[in-house]
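Down below is the structure, laid out as C-alpha cells.
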Amino acid sequence: MYNWNKNMKNTLILLFILVFRASYAQYSAEEQKKLDSLNAIIADPESHDTSIVNIYLALSEILYSSNPDTVIPLCEKSLLIAQKALKNKPSEEISNALKKSIALNYNNIGFINKKKGEKEKAIRFYTKSLEMQKELNDKKEIANCLTNIGTFYYQQGNMDTTISIYLEALKYLEESDENKGLAIILNNIGSVYKRQGDIVTALKYYHRSLKIKEEIGDLSGIATSLNNLGNIYKNQGDFKKALEYYLKSLAIREQEGGKDQDGLAAILSNIGTFYQSQNEIEKGLIYLNRS
C-alpha cells in the first residue's frame, strides 16, 4: 500500500469539503448521505489507496451534473494517487484495480474535454483509456472506450473512421455478455449506415438492435429503436409503417411516465411533423404542442 503523505491527504480532504459545501444544497437526502459516506472514507487515515482513488472517481461523477468544472480536478487527484500507488508494485489484484480506475479517470477527462470543445485533448484521453483497458483485457470496457471514440468521430462527420471503430467495438461486445451495450452499438452502426445512405444495411442493424432490446426488456431503448425505424420508413415513403413504429414508440414513452423527457419530446415532434406532411395540419399541431 502506498502511504501518501499527510499534507497531500489534507489537501484532498480540503478540496472535497469545498466542493461538497458548494453543491450540498443541490442534492436529495439520499445523495447527501452518499456524499457524507464518501467524506468519511477520505477522512479515515486507514483508508486504502484503491478506496481513495475510487472515491474521487465516484465524486467526480456525482458532481458532474451540477459542477462539471470539478470533474477534471477530481479525476486528476484520483490519477495522482493511483499512479503513485502503482510505483510501489502492489499485488496483481490491487494493481489491476488501480489501473481500472486510471482508465475510467482518463475516460471521464476525455468526456469533459469533448464537452468543452477541446477535441485533441478529448481524443488523447479517450485513447489513453482504451490502451489501459486493453492492457486489462476488459472486453466490455474496451468496447465502451471504442464507442466513445467512434461517437467522437461521428460528431466530427468522419463516417469511415466511425464505422471502423464501431465494428471493432461490436466484435468485443459479441465476445462478452453485455447485451445492452451490444444493442447500443448495433443502433449506432445503423445510424452511420443511414447517414451514408445505405438504408438496407441500416435497417438490418436497427432491427438487430431492437430485437436485443426486446429480449432484455429495455423499454427506453425499444422506444428509441422504434423511432429510428419510423424515421427510415418515412424517408422511404412507407408512411403506414412509419406511423406504426412512431405510435409504438410513443406508447412506450407514455408507459414510462415521461421518464425520458427528451425522448418523449422527440417522438411527439416526429409524429406531429409526420401528420403535417400528410396534410393533417390540425392533428399534427396536437402532437407538436405536446412536444
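623 is the number of the first residue of the sequence shown in this note's numbering; add one for each residue after it. For glycine and all other residues, C-beta sits at the position ideal for the given N, C-alpha and C. Treat the numbers as computed from the prediction; the structure is a model and nothing was measured.
Identify, in the order they occur along the chain, each residue of the same chain with its Cβ nearer than 7 Å to the Cβ of Arg875, setting aside the five sequence neighbours on each side. Here residue 875 corresponds to residue number 253 of the sequence shown, with the count starting at 1. Only residues of its own chain outside the window of five on either side were considered, and among them Ala845, Asp882, Gly885, Leu886 and Ile889 have a CB closer than 7 Å to the CB of Arg875, listed in chain order.
In terms of residue numbering, what span does the alpha helix (DSSP H) encompassing Lys737 cover? Position 115 of the sequence shown, counted from the start, is the residue given in the question as residue 737. Per DSSP, Lys737 belongs to the alpha helix (DSSP H) from Glu714 to Lys737.
Beta-carbon proximity list for Asn770, same chain, < 6 Å, skipping 5 on both sides: Looking up residue 770 in the sequence shown gives position 148. Taken in chain order, the residues that qualify are Tyr748.
Please classify Asp782: is it buried, with 16 or more other beta-carbons within 10 angstroms of its beta-carbon, or exposed? As a first step, residue 782 must be located in the sequence shown, where it is residue number 160. The residue is exposed, with fewer than 16 neighbouring Cβ atoms inside 10 Å.
Other residues of its chain near Ser913: CB distance less than 7 Å, five sequence neighbours each side excluded: Start at 1 with the first residue of the sequence shown, and residue 913 comes out as number 291. Excluding positions up to five away in sequence, the list reads Ala887, Leu890, Ser891 and Gly894.
Taking the beta carbon of Gln755 as the centre, do at least 16 other beta carbons fall within 10 Å, making it buried, or is it exposed? Taking the sequence shown and counting its residues from 1, the one referred to as residue 755 is at position 133. By the 10 Å Cβ count, Gln755 comes out buried.
With 16 other CB atoms within 10 Å as the buried threshold, where does Val822 fall? Along the sequence shown, one-based indexing puts residue 822 at 200. Result: exposed.
Given 8 Å, three or more beta-carbon pairs between the segment 833–842 and the segment 858–873: Counting Cβ pairs under 8 Å, fewer than three are found: no touch.
Are Lys750 and Ala744 close, meaning C-beta to C-beta below 7 Å? Here residue 750 is taken as the residue at index 128 of the sequence shown, counted from 1. Here residue 744 is taken as the residue at index 122 of the sequence shown, counted from 1. No; because the gap between Cβ atoms is not below 7 Å, this pair is not in contact.
Figure out for me which residue from Asn718, Ser717, Ile716 and Asn730 has the closest Cα to the Cα of Ala680. As a working note, residue 680 is residue 58 in the sequence shown. The option with the nearest alpha carbon to Ala680 is Asn730.
Thinking C-beta only, is Ile807 closer than 7 Å to Leu795? By one-based count along the sequence shown, residue 795 stands at place 173. By one-based count along the sequence shown, residue 807 stands at place 185. Yes.
Buried versus exposed call for Ala765 [16 or more other C-beta atoms within 10 Å across all chains shown]: As a first step, residue 765 is located in the sequence shown; it is residue number 143 there, counting from the start. Answer is buried; the Cβ neighbour count reaches 16.
Within the continuous alpha helix (DSSP H) that includes Gly879, where are the two ends? Counted from its first residue, the sequence shown places residue 879 at position 257. For Gly879, no alpha helix (DSSP H) segment is defined, and its DSSP state is neither H nor E.
Could you spell out where the alpha helix (DSSP H) holding Lys816 opens and where it closes? Translated into the one-based positions of the sequence shown, residue 816 becomes position 194. Element bounds for Lys816: Asn801 to Arg817.
In terms of residue numbering, what span does the alpha helix (DSSP H) encompassing Pro690 cover? Here the question's residue 690 lines up with position 68 in the sequence shown. Here Pro690 belongs to no alpha helix (DSSP H), and DSSP marks it neither H nor E.
Any chance the CB of Ser700 is under 6 Å from a heavy atom of the ligand FMN? Judged by which ligands are present, the structure shown has none, so any question about the ligand FMN falls away.
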